[in-house]
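Protein chains in written order, with our numbering: chain S, 1 to 500; chain L, 1 to 322.
Set out below in structure tokens:
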């Protein structure tokens with residue numbers, strides 16, 4: 001009998017459907033992989049299973065009994081534990097204090113029984129052959145990979161019958177990832193169910209008994225792992241999107257190189273990236289999340305440190321901070337990932353936001369000319385069709401799409417002709433999305449050079465002239481013309497063997 | 001006009017509070033509104049206002065300057081020592097001490113902006129260090145009396161107007177230009193609203209932060225010298241009261257203590273409110289202990305009513321209920 005049976009599971013966030021009629025079933029003693037693109041509904045699904053989110057419709061049966069946890073504690077009481085990508089550990093506590101947090105062994109006086117905690121910790125670490133972890137280590141001294149391992153230990157400490165691993169290997173170096181895969185098989189052999197989420201096809205192949213594919217919030221297929229090809233899986237993950245969202249793509253790239261990057265590296269997240277972006281070109285940057293795209297964009301803009309050479313319009317530049325990036329016509333501008341945290345002053349007006357980067361330009365003898373500022377603000381509001389009551393409206397009160405337009409406006413006013421757009425359509429309504437794509441093509445036609453990352457693959461396929469696919473901090477493939485497709489991007493991003 | 005009122009609601013509120021407080025005080029203490037009394041109120045408020053000028057810039061930028069008392073005190077004492085009651089040395093002593101105040105501000109600013117020391121710790125440390133330096137320097141002995149020229153600046157009059165009030169007016173004009181009409185002001189508000197957004201927008205965040213502390217050092221040192229003229233000599237601890245009043249004046253004036261909003265014009269009203277309050281309370285015939293308690297409570301209340309910090313908290317609470 002199945003340990004978990006999910007039928008017709010639905011979840012909406014406002015107008016956004018995260019899950020619609022999803023189904024799922026898995027047995028005790030198996031490793032069950034959950035696959036899907038970013039936004040396919042995997043995260044929502046496991047959040048519901050682990051008690052972090054409550055579903056709107058459908059049913060979940062665990063052991064044949066109705067399951068609707070009110071919170072993660074209730075989920076754990078039913079034997080379900082999850083290890084998330086975003087870690088839930090407390091930096092000031094030790095490894096063992098984190099592992100047993102809120103479930104510490106107690107003495108008769110109800111104080112923490114330290115000796116017992118130590119004993120149980122060592123027993124746990126030993127049983128599953130955890131790589132070098134010392135119970136008394138303070139968590140803040142550990143690397144990201146070590147923290148991930150502590151998180152796994154914390155999940156196992158609850159002795160769950162169902163363990164959910166959400167991209168648990170993504171933060172681990174090869175050896176530790178290997179260990180985790182073995183551990184997963186061991187847990188299944190003990191009769192537990194492991195629900196395993198990974199974007200690495202090779203891992204899924206190595207350990208999964210079965211796999212379930214999600215797309216757009218629904219279950220698309222369930223396969224025995226050894227009875228399906230990689231290509232079949234990729235095709236099912238992507239499905240087909242039919243959209244008139246995208247403007248006609250007319251090649252406007254010239255031979256002139258706007259941005260040339262060589263040996264660009266940053267920590268362990270970005271290694272030896274080389275590429276050239278031409279005048280009039282929209283160059284897409286794709287790949288699975290967390291493979292260096294963020295670091296590439298932030299480092300090019302000077303918001304984080306990097307090494308390597310960067311040339312703008314044929315001149316070597318050294319950009320140590322955003323101020324050095326925004327140097328007018330020869331500069332490089334970023335529409336950042338975090339609109340509210342990095343892009344906009346929410347409590348200030350549209351006008352103040354638009355002119356923030358170029359306010360010096362409106363001063364005469366050190367004093368601002370409000371007329372000249374107002375004129376340029378009006379021009380930009382009209383050009384981008386920003387829907388605000390007046391330019392004095394606070395930016396935080398605009399819709400997501402209009403907020404994004406304000407950030408575009410701020411960056412366009414700097415006159416930089418190399419634009420870095422990091423997921424500019426995220427959380428933006430469909431209509432504005434179309435406007436943004438049209439704007440990108442229009443700017444390219446005017447000679448702007450655009451580096452464009454999107455977490456939504458079809459956008460790259462339909463808007464970009466070429467696509468760089470990133471994997472493990474490097475460029476795994478450069479796709480051009482007819483070779484740009486969701487399947488080819490995903491293949492290059494996931495399959496080690498297809499490296500170009 | 002209505003847009004102006006809406007945008008500067010808290011500043012308008014501070015001035016309304018000032019007028020109400022004036023009328024209440026006049027009720028309890030007839031003669032409070034006399035020309036001579038108003039003149040002395042403005043003179044006292046000017047000291048608070050000048051110290052609070054720098055504090056306003058620092059707080060709008062998202063910081064706080066706790067080194068104000070001993071920058072003020074150090075400038076006062078060193079000036080009295082160097083001048084020895086003579087006017088002539090002021091020619092070099094005043095610029096020197098203004099530069100000294102600016103230098104302390106520079107240290108504060110660099111510590112905060114370049115080394116990431118929290119403003120409270122950074123400025124508290126410079127405050128204590130200055131206190132120690134001055135104690136070593138003077139051995140705790142009293143200083144010579146203030147030069148006559150400084151006395152003129154703080155208690156003298158030109159055409160019936162207190163000189164210091166005219167100085168305050170000029171400084172208010174400069175501060176207003178900086179905040180409302182200069183690129184620096186725009187950068188400052190952006191910095192205080194979100195340092196990350198400011199950084200991503202190409203705002204020179206470090207330079208802007210440092211400049212606010214430099215301004216604060218300048219105004220605290222300047223106020224210290226003027227205050228020496230007012231009291232006739234410099235003494236240890238003369239700046240102590242200005243830590244609280246400079247911050248309270250900014251808060252009463254409508255600035256968020258978390259940065260990003262407020263204006264020096266509001267701080268001016270805040271300085272007046274605080275000074276009128278010290279005039280009202282003695283008229284109520286309370287003991288000096290009770291006086292301090294009421295003073296503190298009234299300031300707490302005033303700040304709570306006006307401040308955006310509180311308004312924001314109220315909003316959060318309402319949302320949670322909803």
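Even for Gly, the Cβ is constructed at its ideal location relative to N, Cα and C.
In the structure shown, what three-state DSSP assignment does residue i receive?
i                      : result
residue 480 of chain S : strand
residue 270 of chain S : strand
residue 265 of chain S : strand
residue 252 of chain L : helix
residue 295 of chain L : helix
residue 107 of chain S : coil
residue 168 of chain S : coil
residue 243 of chain S : For residue 243 of chain S, the pLDDT reaches just 46, beneath the cut-off of 50, and the residue's location in the model is therefore unreliable, although a value from the coordinates is still provided. Residue state, collapsed to three classes: coil.
residue 76 of chain L  : helix
residue 523 of chain S : No statement about residue 523 of chain S is possible, as the shown extent of chain S runs from 1 to 500 and does not include it.
residue 453 of chain S : strand
residue 319 of chain L : Confidence is the limiting factor: at residue 319 of chain L the pLDDT is only 37, short of 50, which leaves the residue's position unreliable and the question unanswerable from this model.
residue 13 of chain L  : helix
residue 203 of chain L : coil
residue 470 of chain S : strand
residue 325 of chain L : Beyond the ends of chain L as shown, which are 1 and 322, falls residue 325 of chain L; an answer cannot be given.
residue 181 of chain L : helix
residue 68 of chain L  : helix
residue 485 of chain S : coil
residue 387 of chain S : coil
residue 316 of chain S : strand
residue 61 of chain S  : strand
Comparing the C-beta of residue i with each C-beta of chain L, is any distance below 8 Å?
i                      : result
residue 323 of chain S : yes
residue 303 of chain S : yes
residue 359 of chain S : yes
residue 424 of chain S : no
residue 7 of chain S   : no
residue 337 of chain S : no
residue 344 of chain S : yes
residue 341 of chain S : yes
residue 410 of chain S : yes
residue 11 of chain S  : no
residue 505 of chain S : Residue 505 of chain S lies beyond the residue range present for chain S, which begins at 1 and ends at 500; the question has no answer from this structure.
Is the Cβ of residue i closer than 8 Å to any Cβ of chain A?
i                     : result
residue 57 of chain L : The displayed structure is made up of protein chains S and L, and chain A is not among them.
In its own chain, which residues sit with a C-beta less than 6 Å from the C-beta of residue i, not counting the 5 before and 5 after it?
i                      : result
residue 175 of chain L : 53, 264
residue 324 of chain S : 302
residue 376 of chain S : none
residue 334 of chain S : 301, 420
Looking only at its own chain, which residues have a Cβ that is under 8 Å from the Cβ of residue i, when we skip the five neighbours before and after it?
i                      : result
residue 56 of chain S  : 10, 11, 12
residue 140 of chain L : 236
residue 206 of chain L : 113, 114
residue 145 of chain S : 171, 172, 173, 176
residue 235 of chain S : 487
Under 8 Å, Cβ to Cβ, is there at least one residue of chain S near residue i?
i                      : result
residue 175 of chain L : no
residue 126 of chain L : no
residue 251 of chain L : no
residue 204 of chain L : yes
residue 309 of chain L : Bear in mind that the predicted position of residue 309 of chain L carries a pLDDT of just 47, short of 50, making it unreliable; the figure below should be weighed with that in mind. So no, residue 309 of chain L is outside the interface.
residue 186 of chain L : yes
residue 189 of chain L : yes
residue 32 of chain L  : no
residue 163 of chain L : no
residue 200 of chain L : yes
Less than 8 Å between the CB atoms is what I'm expecting for residue i and residue j, so what's the real figure, rounded?
i                      : j                      : result
residue 49 of chain L  : residue 249 of chain L : 7 Å
residue 486 of chain S : residue 461 of chain S : 6 Å
residue 230 of chain L : residue 69 of chain L  : At roughly 16 Å, the Cβ-Cβ gap does not stay under 8 Å, so residue 230 of chain L and residue 69 of chain L are not in contact.
residue 7 of chain S   : residue 43 of chain S  : Not confirmed; about 20 Å, so no contact.
Kindly list the residues whose CB is nearer than 7 Å to the CB of residue i, restricted to its own chain and excluding five residues on each side of it in sequence; keep chain order.
i                      : result
residue 107 of chain S : 113
So does the segment 398-418 of chain S actually touch the segment 370-385 of chain S, counting three or more Cβ pairs closer than 8 Å?
Cβ pair count under 8 Å is three or more, so yes.
With contact counted as at least three CB pairs below 8 Å, one residue from each stretch, are the segment 61-70 of chain S and the segment 82-89 of chain S in contact?
The answer is no - the segment 82-89 of chain S does not touch the segment 61-70 of chain S, with fewer than three Cβ pairs under 8 Å.
State whether the segment 180-188 of chain L contacts the segment 119-131 of chain L, with contact taken as three or more CB pairs (one from each stretch) at a distance under 8 Å.
Touching, no.
Does the segment 421-428 of chain S come within contact of the segment 221-239 of chain S, defined as at least 3 CB pairs closer than 8 Å?
By the Cβ rule, the segment 421-428 of chain S does not count as touching the segment 221-239 of chain S, because fewer than three pairs are nearer than 8 Å.
Three or more C-beta pairs under 8 Å: does that hold for the segment 255-264 of chain S against the segment 12-25 of chain L?
Not touching, per the Cβ criterion.
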